[in-house]
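Novice: Quick one: the structure is below, questions incoming.
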Amino acid sequence: MIRVAVLGAGRIGQIHAANVAANPLAKLVAVVDPIAAAAQSLAGRLGAESATDAEATIRRGDVDAVVIGTPSDTHAHLMLVAARAGKAVLCEKPVDNDLAKADEAVAELKKLDARVMMAFNRRFDPSNIELRRAIDAGDIGEVRQVIISSRDPGLPPRDYVAHSGGIFRDMAIHDFDMARFLLGEEPVEVYAKASRVVNPALMEEFDDYDTLMVIMQTASGKQCHINCCREASYGYDQRFEILGSKGMLMNDNLRPSTVRRYNATETEALPPLLNFFLQRYTDAYRNELDAFLKALDAGTAMPTSPSDGRQALRLAEAAIESVKTGRSVRV
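Shown next, in the form of structure tokens:
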């Protein structure tokens, strides 16, 4: 039984804590949040202790592993605190909002031979697992292009925007990781454009954007196009298309039902898209935690590493540089 503390009682912390409590390989020992009421409420529902001091909880003798679901700018520090204490870590993306700090953290984690997994949950979505399996099986031959559409149903809360590190480091970071996952090669050139069309005033205040497009290319010529927007009036839009030398793979949006309706005013009307990432990626979060716990239990390599987190962040930084300079950036 792996004894786990979950750091953070917000949206993502609630998902992780519930999954830990339900997993037969784990015991949820504690939920930590600086807001005591939030920690107490979540911990109380799941039969765990609550706390407000993350570092003290990490160092507890009855904690074997921690799940970090705190704000992005705390990730690197908390990972290092846990690794120095000999604890295993499942950490939400990104490694840090600052690439230099991320590089320092990744280097120290390697020296410590720490057991750390980056929580790129989309790799663990059943449909995305099937995409990778089909590519590996040669179903579409050699991959030539990857197209990723990623659109949220609405802007996140103001406080979230303030600490997120920006749309490239926060939202598109998943897409940079999925690009690497599906291309099977590292992009070496990045070109990006970004704009403020959803809420220009809010984005200008935080020097951020709400709409972007990115084009990347690998050394062998494989290409990836990513488009993201903070607001899609029709719901949470998540789609993938992979073009290969022998065919194409597509992963479309999920809906509560596959029923299509036809009448005098519309045809092929479908139910609305799932509301947001908490509903769309329920299985992915569960599978991600299970992969982490099984790797700990078996002593095998983590399926995603801090180096994966660093590479996705480097692509985000290159995209930001491209937006500011108007030029493509070599990685």
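The working numbering puts the sequence shown at residues 4 to 334.
For every residue, glycine included, the Cβ atom is placed at its ideal position computed from N, Cα and C.
Note that the structure is predicted; figures quoted are calculated from it, not measured.
Could you tell me which of ALA85, PHE123, ASP139 sits nearest to ASP116, measuring between CA atoms?
Specialist: When each option's Cα is compared against that of ASP116, the closest is ALA85.
Novice: Can you tell which of PRO274, LYS249, PHE209, ILE18 has the C-alpha that lies nearest to the C-alpha of TYR237?
Specialist: Here the closest residue by C-alpha is PRO274.
Novice: Looking only at DSSP bridge pairs, what is LYS196 linked to?
Specialist: According to DSSP, LYS196 bridges with MET216.
Novice: With DSSP run on the structure shown, which of helix, strand or coil describes PHE243?
Specialist: In this structure, PHE243 counts as strand in the three-state DSSP scheme.
Novice: For ARG258, which three-state DSSP category applies?
Specialist: If DSSP states are grouped into helix, strand and coil, ARG258 belongs with coil.
Novice: What does the alpha-carbon distance come out to for the pair GLN148 and VAL334?
Specialist: About 19 angstroms.
Novice: Tell me the start and end of each unbroken beta strand (DSSP E) in the region 85 to 168 that is at least 3 residues and wholly inside, in chain order.
Specialist: Runs found: 91 to 95, 119 to 122, 146 to 154.
Novice: Buried or exposed: which applies to SER153, given that a residue is buried once 16 or more other Cβ atoms fall within 10 Å of its Cβ?
Specialist: Looking at its Cβ environment, which holds 16 or more other Cβ atoms inside 10 Å, SER153 is buried.
Novice: Considering only the alpha carbon of each residue, which of SER248, CYS231, GLU291 lies closest to GLY157?
Specialist: When only C-alpha atoms are compared, the closest one is CYS231.
Novice: Run through the DSSP bridge pairs and tell me what THR221 is partnered with.
Specialist: The partner list for THR221 (beta bridge, DSSP) reads PRO190.
Novice: Return the residue from the list THR270, TYR284, TYR265 that minimises the CA-CA distance to ARG258.
Specialist: ARG258 has its Cα closest to that of TYR284, out of THR270, TYR284, TYR265.
Novice: Check whether the Cβ atoms of ALA137 and LEU28 lie closer than 8 angstroms to each other.
Specialist: No.
Novice: Please classify SER53: does DSSP put it in a helix, a strand, or coil?
Specialist: Correct three-state label for SER53: strand.
Novice: DSSP three-state call for ALA175: helix, strand or coil?
Specialist: The answer is helix: DSSP assigns ALA175 an H, G or I state.
Novice: At what residues does the beta strand (DSSP E) containing ALA24 begin and finish?
Specialist: Looking at the DSSP string, ALA24 is not in any beta strand (DSSP E); the run it does join, the alpha helix (DSSP H), is 14 to 25.
Novice: Determine the DSSP secondary structure at ASN230, reduced to helix, strand or coil.
Specialist: It is a strand residue.
Novice: Based on Cα-Cα distance, which residue from VAL326, LYS30, PRO74, MET4 lies nearest to GLY11?
Specialist: Among VAL326, LYS30, PRO74, MET4, the Cα nearest to that of GLY11 belongs to PRO74.
Novice: Let me know the secondary structure DSSP gives MET305 once reduced to three states.
Specialist: The answer is coil: DSSP assigns MET305 none of H, G, I, E or B.
Novice: With contact counted as at least three CB pairs below 8 angstroms, one residue from each stretch, are the region 197 to 204 and the region 221 to 230 in contact?
Specialist: Short answer: they don't touch.
Novice: Express the C-alpha separation of MET174 and PHE123 in angstroms, rounding to a whole number.
Specialist: Roughly 12 angstroms between the two C-alpha positions.
Novice: Taking the C-alpha atoms as reference points, what is the distance between GLU111 and GLY89?
Specialist: For GLU111 and GLY89, the distance between alpha carbons rounds to 13 angstroms.
Novice: When you compare each of ARG87, ALA33, ALA140, GLU271 to ARG48 by their alpha carbons, which one comes out closest?
Specialist: Residue ALA33 is the option with its Cα nearest to ARG48.
Novice: Between ARG6 and ILE170, what straight-line distance do the alpha-carbon atoms span, to the nearest angstrom?
Specialist: Between ARG6 and ILE170, the C-alpha separation is close to 34 angstroms.
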